[in-house]
Structure formats: structure tokens, C-alpha cells
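Asks:
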Ligand code: BG6
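In our numbering, the protein residues as written are 30 to 333.
1. Unbroken beta strand (DSSP E) runs of length 3 or more, entirely within the segment 155-195: which are they?
2. Are the segment 99-111 and the segment 186-206 in contact at 8 Å, needing three or more beta carbon pairs?
3. Exposed or buried, which one is residue 181 when buried takes at least 16 other CB atoms within 10 Å?
4. For the beta strand (DSSP E) holding residue 333, just list the boundary residues, first then last.
5. Grab the span of the beta strand (DSSP E) containing residue 42 for me, first residue to last.
6. Over what stretch of residues does the beta strand (DSSP E) that includes residue 339 continue unbroken?
7. If you check the beta carbons only, do residue 101 and residue 89 fall under 8 Å apart?
8. Return helix, strand or coil for residue 320, following the three-state DSSP convention.
9. Residue 106 bridges to which residues according to DSSP?
10. Following a CB-centred definition, is residue 280 positioned closer than 7 Å to any heavy atom of the ligand BG6?
11. Measuring alpha carbon to alpha carbon, tell me which residue in 87, 42, 271 is nearest residue 293.
12. Only counting runs of 3 or more residues, tell me where the beta strand (DSSP E) segments fall wholly within the segment 48-123, in order along the chain.
13. Among residues of its own chain, excluding the 5 on either side of residue 116, which ones have a beta-carbon nearer than 8 Å to its beta-carbon?
14. Within the same chain, show all residues whose beta-carbon is closer than 7 Å to that of residue 261, passing over the 5 residues directly before and after it, in chain order.
15. Tell me whether residue 291 is buried or exposed, calling it buried when 16 or more other Cβ atoms sit within 10 Å of its Cβ.
16. Buried or exposed: where does residue 99 fall if 16 or more other Cβ atoms within 10 Å of its Cβ makes it buried?
17. Can you give me the C-alpha to C-alpha distance between residue 224 and residue 310, rounded to a whole angstrom?
18. Cutting at 8 Å between CB atoms, please list the residues of its own chain near residue 158, excluding the five before and the five after it.
19. Looking at residue 191 and residue 165, is the spacing between their C-beta atoms short of 8 Å?
20. What does a CB cutoff of less than 7 Å around residue 258 pick up in its chain, not counting 5 residues either side in sequence?
21. In the DSSP assignment, find the beta strand (DSSP E) that holds residue 307 and state where it starts and stops.
22. Going by DSSP in three states, residue 206 sits in which element: helix, strand or coil?
23. Closer than 6 Å by C-beta to residue 119: which residues in its own chain qualify, once you throw out the five before and the five after it? Chain order, please.
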């Protein structure tokens with residue numbers, strides 16, 4: 030077992046292996062047997078498991094594991110844009126690129142390694158990226174798995190020279206759920222949202238928790254920093270705690286769109302729900318030398 034990155038507790042482990050395309054993947058394990066797997070393709074978390082081995086993230090059975098396409102599932106990172114404006118590809122290029130392990134990351138502002146297994150990844154623009162998006166940046170990602178099984182992702186994006194630039198961002202998190210008709214989201218009540226299914230028209234959510242009976246493709250604006258996804262049948266609740274990420278994307282393609290997508294099974298929409306910590310409505314602007322941090326911590330609470 031090769032240890033790279035951090036395993037600040039003796040019994041937490043970090044292992045680097047290769048996927049079938051020869052791309053490095055990093056497996057994080059905590060002392061109780063929980064694990065997470067991160068691919069250097071996209072810096073994408075592809076698996077997050079409890080200590081009992083239950084998978085918490087959805088990955089499509091038809092996912093295509095071949096760069097440059099992002100894998101349908103896990104947690105693709107949308108940067109430098111969320112959506113498909115202008116000449117940049119949909120949801121930006123970060124999720125399609127091969128990242129590297131950052132052997133020497135600058136320290137984080139607060140201690141984010143205690144008792145955790147973690148890995149630091151780095152993305153810098155290639156010549157090709159600079160032609161499409163002419164901004165020099167360093168994108169540092171820390172993925173960590175704590176002793177309690179919580180998964181944390183910390184993104185630090187720095188403008189390393191040149192002019193100021195702006196970007197939008199999302200952790201496009203595919204939660205694994207029992208059945209879309211059995212889940213509800215709390216924490217978005219009364220918020221305004223922009224609806225992608227209605228030309229980004231602005232609506233206000235009513236007072237009830239959000240439930241699902243058809244396609245949903247929205248982002249909620251300026252939410253509180255804690256959102257919960259309740260899954261009655263699985264008797265578990267995902268709690269999303271976020272910082273620096275004011276917006277929340279909620280997406281489920283439902284039946285018709287799933288049938289039109291090559292990398293998701295016709296019925297698989299029932300078992301996934303994307304709920305993303307995001308910064309979309311007000312893009313982040315960085316002047317030369319400035320850095321932005323966006324943090325999300327995912328936890329799961331089991332009920333009996
Ligand atoms: C959503 C977008 O968040 O992501 C949808 O709002 C899009 O419009 C979906 O279909 C998935 O995007 P992609 O590029 O991964 O297929």
C-alpha cells in the first residue's frame with residue numbers, strides 16, 4: 030500500500046491504484062472501514078462508502094469511464110462554469126481533465142487533517158485550456174474522509190497572474206437514493222430559484238420541503254449553509270454543509286431525458302438525485318493573487 034497525501038491517523042490509509050485506463054485513483058480509508066475513491070480524471074469522487082460498505086453516491090451502470098467525458102455519477106466538479114454559456118464546454122473543463130497529486134500544497138487556513146485520510150490534487154490550465162479560457166489559475170482540491178465517515182471537499186482556486194477573472198462552480202453531487210418518490214429536501218423552502226426548464230425564469234419555492242414527481246433542473250439562490258436530503262425508505266439522511274457556496278443545484282432528469290442520455294439507464298433516474306453546493310448566480314471574481322475557497326462536508330445520519 031502506497032501512502033501519498035495524508036493519513037494523519039495511524040489507522041487511516043491512503044492508497045493509490047490505477048483504473049482500467051491506467052489513470053490513478055486514490056482510495057481513502059478511515060479506521061472503521063469507511064472509504065472514498067477519487068479519480069485523477071476530473072478530481073472526481075467516484076465512491077463514498079459507510080463503514081458497513083454501503084455506497085452513498087450514485088454511479089450509472091452505463092457510465093462511460095473514458096476521458097475526456099466525465100463519469101455519470103459521483104461528484105464531478107463544474108469549473109470554470111456551471112451550465113453551458115459561451116464557448117466553454119458544458120459545466121467547464123475541470124471534470125474532464127487529468128489532475129495531479131499535489132505533493133506540496135500550501136497549508137489550509139484551519140486544521141483540516143486531524144484524524145482524516147486525505148489527498149490533495151492540483152489542476153493547472155494546459156496550453157489548450159488557455160486558448161479556450163485565457164486565465165492562469167491553480168485549482169487545489171483536498172478530499173478527506175474523517176473518522177466519523179464524513180466526506181469533505183475543499184477547493185481553493187487562485188488567480189496566479191494576469192487579469193482578474195470570474196467563474197462559476199458546483200460540486201455536482203449524485204446521491205444514491207432508494208426511490209426519487211421517497212425523498213425530500215429540507216433547507217430550500219421559501220427560497221428563490223432559477224428554473225432551467227423554464228428559460229431560467231425566477232420562481233419562489235413554497236413553504237414545504239421539496240419532493241419529486243417530474244424532471245427538476247433548478248438552482249436555488251442564497252441558501253443557508255445546511256441542506257438535508259431525507260430518504261425514508263433507506264432510513265438515512267444526507268446532510269450537506271457548505272461554505273463559500275451560496276447556491277444549491279437540484280437536478281433529476283426523470284424518464285424522458287434519461288432515455289435520451291447514453292450514459293444513464295432508462296430507469297436509473299429513480300435512484301439518483303443531484304444536490305450541489307454551488308456558486309452560480311453571482312460568479313466569483315478573483316483579482317491577480319487572490320484565492321477563493323469553496324468547502325462542502327457531506328455526512329449521513331441513519332435512523333431506525
Ligand atoms: C444539471 C444541469 O445540473 O446538470 C442540466 O442543469 C444537465 O441541464 C445536468 O443536464 C447534467 O449535465 P451533464 O453535462 O453532466 O450531462
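Heads up, the beta-carbon is just placed ideally off N, CA and C, and yes, glycines get one too.
As the structure is a prediction and not an experimental result, all values here were calculated from the model.
Replies: In short:
1. 166-174, 180-188
2. yes
3. Residue 181 is buried by the Cβ-count criterion.
4. Residue 333 -> no beta strand (DSSP E), and no H or E assigned at all.
5. 42-47
6. The question about residue 339 has no answer, for the chain in this structure spans 30 to 333.
7. Against a cut-off of 8 Å, the Cβ pair of residue 89 and residue 101 comes out as a contact.
8. Per DSSP, reduced to three states, the secondary structure at residue 320 is strand.
9. In the DSSP assignment, residue 106 forms a beta bridge with 200.
10. Relative to the non-hydrogen atoms of the ligand BG6, the Cβ of residue 280 comes within a distance shorter than 7 Å of at least one.
11. 87
12. 53-58, 64-68, 73-78
13. 161
14. Excluding positions up to five away in sequence, the list reads 211.
15. exposed
16. Classification of residue 99: buried, given that the 10 Å Cβ count is 16 or more.
17. Using only the alpha carbons, I get a separation of about 12 Å.
18. 122, 126
19. yes
20. Once the five neighbours on either side are set aside, the close Cβ partners of residue 258 are 204, 212, 214, 266, 267, 302, 304.
21. Segment 301-315, the beta strand (DSSP E) holding residue 307.
22. Secondary structure at residue 206: coil, using DSSP grouped into helix, strand and coil.
23. 113
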